[in-house]
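Peer 1: By the working numbering, the letter at position 267 of the sequence shown is numbered 938, and the numbering carries on one by one without gaps. Even for Gly, the Cβ is constructed at its ideal location relative to N, Cα and C. The structure presented is a predicted model; accordingly, all values stated were derived computationally and were not measured.
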Amino acid sequence: MSTEVAVVGFAQAPHVRATEGTTNGVEMLVPVFAELFAETGLTKEDIGFWCSGSSDYLAARAFSFIAAVDAIGAYPPINESHVEMDGAWALYEAWLKIRTGEVDTALVYGFGKSSAGDLRRTLALQLDPYTVAPLWPDSVSIAAMQARLGIDAGLWSERAMAEVAARAHGGDAVDLLGEPYIADPLRRHDCAPITDGASAVILASGERARELRERPAWITGIEHRIDSGSLGARDLTTSPSTAASARAADVDGVEAAELHAPFTHQEILLRQAIGLGDDVSVNPSGGPLTGNPMFAAGLSRIGEAARLLFDGLHGRVLAHATSGPALQQNLVCVMEAR
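#1: What does DSSP give as the partner residues of His931 in its beta bridges?
#2: Quick check on the burial criterion: 16 or more other C-beta atoms within 10 angstroms. Buried or exposed for Arg830?
#3: Using C-beta distances below 7 Å, list every residue in its chain close to Trp766, excluding the 5 sequence neighbours before and after it, in chain order.
#4: Could you tell me which of Ala880, Ser810, Ser785 sits nearest to Gln797, measuring between CA atoms?
#5: Indicate the three-state DSSP secondary structure (helix, strand or coil) for Met832 in the structure shown.
#6: Going by alpha carbons, who is nearest to Arg884 out of Tyr852, Thr776, Pro856?
#7: Could you have a look at His895 and say whether DSSP puts it in helix, strand or coil?
#8: From what residue to what residue does the alpha helix (DSSP H) around Ala880 run?
#9: Near Ala804, what residues of its chain come up, given a Cβ to Cβ distance below 7 Å and the 5 sequence neighbours on each side ignored?
#10: State the Cα-Cα distance for the pair Ala914 and Val1003, rounded to the nearest angstrom.
#11: Considering only residues of the same chain and omitting the five flanking positions on each side of Ser725, which have a CB-CB separation below 7 Å?
#12: Rounded to the nearest angstrom, what separates Pro808 and Ala944 at their Cα positions?
#13: Mapping DSSP to helix, strand and coil, what is Glu850?
#14: For the candidate residues Val779, Gly772, Lys715, whose alpha-carbon lies nearest to that of Ile642?
#15: Among Glu975, Gly868, Gly983, Pro800, which residue has its Cα nearest to the Cα of Ala990?
#16: Work out the CA separation of Leu902 and Pro996 for me, nearest whole Å.
#17: The beta strand (DSSP E) that contains Thr776, what's its start and end?
#18: Could you say which of Glu926, Val678, Phe720 lies nearest to Gly948 if we only look at CA atoms?
In structure tokens, the structure reads:
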């Protein structure tokens, strides 16, 4: 049995450079869950399915996601699952769970404490384990290669990248171009900050969603695709997986988009891949350049886009999430108010 599914609640922890406490996310998640329950009027007993996104590599401890379940509580027992990905992919699993008719509500959460280690080095572990990872190329340097390829191909410029940063942070693009490089052609403002954080979303089906929210964010299309994990086997100036996901999700008519672009040039690349015109408002929340908690930032894009519908600011929106080096895996979610 298939059914309609909508986002009915969203909450996130403050974006900070470093948090105290453990690496399992419990301290960040407890207040986020409390805020969600207060917003929707639901209780833990009302949730039919729980699904999380995180990474044991980031936490540097095996089965860290199990420890994070402490934030939910030991009783009553729950129906729970986990993905070793951004929480946006946990939302996809929960969406499928509701679509089958097995449950009518789901709580999805993602969390990451990047300050616990050297993030740029940790992310090298997702690269080809035979030929690339042993060289320990850091994530910013790989993004810089991608940015340089796009500049040399005439697809964007350092000025265009600075304009993306100026829109996210405020300030003047010309002034930003005077800042020093950290990995040519990337400057500090071109890169998302290292961020500790967590976010959570509640999904509900059909009539249940209408009971919980006056303007639910109905998911009308959601798709995720993957490109080659080998950096040398794909054109880094394009994103075929994003383009394919956008076509499958039907992005026509979207008025605003929350794009998970951890680097300024990637926002430009994603706009081109999805086919977003200048009339589409991109990252009105500030986007990842103002806070990029690993394994939560993609889920937050869905939550931030849903808020635009909750508040009546738009009628049809798009959210995007990415995972892997240089936009390797991409998810597109389209939502609308009715």
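Peer 2: Put simply:
#1: Paired residue(s): none; His931 is not in a bridge.
#2: So Arg830 ends up on the exposed side.
#3: Hits under 7 Å: Val676, Leu874, Ile890, Ile893.
#4: For Gln797, the nearest C-alpha among the options comes from Ser810.
#5: In the structure shown, Met832 sits in a helix (DSSP, three-state: H, G or I).
#6: Comparing Cα-Cα distances from Arg884 to each of Tyr852, Thr776, Pro856, the minimum goes to Thr776.
#7: DSSP places His895 in strand when its eight states are reduced to three.
#8: According to the DSSP assignment, Ala880 belongs to the alpha helix (DSSP H) that extends over 877–883.
#9: Hits under 7 Å: Ala795, Leu796, Leu798.
#10: Using only the alpha carbons, I get a separation of about 9 Å.
#11: The residues are Gly696, Ser735, Phe736, Ala739, Gly781, Phe782, Gly783, Phe966.
#12: Taking the straight line joining both Cα atoms gives about 26 Å.
#13: In this structure, Glu850 counts as coil in the three-state DSSP scheme.
#14: Lying before the first or after the last residue shown, residue 642 is absent from the chain, which here runs from 672 to 1009.
#15: Shortest Cα-Cα distance from Ala990 to any of Glu975, Gly868, Gly983, Pro800 involves Glu975.
#16: Near 8 Å, if we compare the C-alpha coordinates of Leu902 and Pro996.
#17: Where Thr776 is concerned, the enclosing beta strand (DSSP E) stretches over 776–784.
#18: The candidate whose alpha carbon is nearest that of Gly948 is Glu926.
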